[in-house]
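Each remark here refers to the structure printed beneath this line.
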Amino acid sequence: MDNYNEVKLSGEIITDIEVQTSNAGKKLCNFSLALGGDEKDHSTNLGMVVPIYAMEETAEALIEEAQKGKYLIVTNGEISVGSYDTGKEKRFMTTILVRNFQII
Numbered sequence: 001m002d003n004y005n006e007v008k009l010s011g012e013i014i015t016d017i018e019v020q021t022s023n024a025g026k027k028l029c030n031f032s033l034a035l036g037g038d039e040k041d042h043s044t045n046l047g048m049v050v051p052i053y054a055m056e057e058t059a060e061a062l063i064e065e066a067q068k069g070k071y072l073i074v075t076n077g078e079i080s081v082g083s084y085d086t087g088k089e090k091r092f093m094t095t096i097l098v099r100n101f102q103i104i
């Protein structure tokens, strides 16, 4: 069966890239991507902001090539939904896992 969870999107990286290393020594990175909005002034109109993350080789490439202010095209990604408990309620979070990308 084909994978129907495929995302393609583009936007400006608006946060510093946070880097983590797993217990197994694999890289993980995450950051926020602004989609749409006022391209000249993200401080007043961000449009939609999407949490982005990548793992292993993709994370290593993003850490090397990407930075805040660059324009990212996710050429292959997938929607990932997770949850966490605040102690008072269960919250859900939707993120995008990057598989392939371009920086322009």
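For what it's worth, UniProt numbering labels the leading residue of the sequence shown as 1, then goes sequentially.
Heads up, the beta-carbon is just placed ideally off N, CA and C, and yes, glycines get one too.
Close beta carbons around Thr58, own chain, < 8 Å, minus the five adjacent residues each side:
Result list for Thr58: Val98, Arg99, Asn100 and Phe101, in chain order.
Can you list, in chain order, the residues of its chain whose CB lies under 6 Å from that of Gly82, leaving out five sequence neighbours each side?
Met93
If I follow the unbroken alpha helix (DSSP H) through Thr58, where does it start and stop?
Glu56 to Glu65
If you draw a straight line from the alpha carbon of Ile52 to that of Ala66, how long is it in whole angstroms?
12 Å
So, at 7 Å on beta carbons, what are the nonlocal neighbours of Lys26 in its own chain, with the 5 sequence-adjacent residues on each side left out?
Met55 and Glu56
Might you give, ordered along the chain, the residues of its own chain that have their beta carbon closer than 6 Å to the beta carbon of Gly11, omitting 5 neighbours on each side?
Leu33, Ala34 and Leu35
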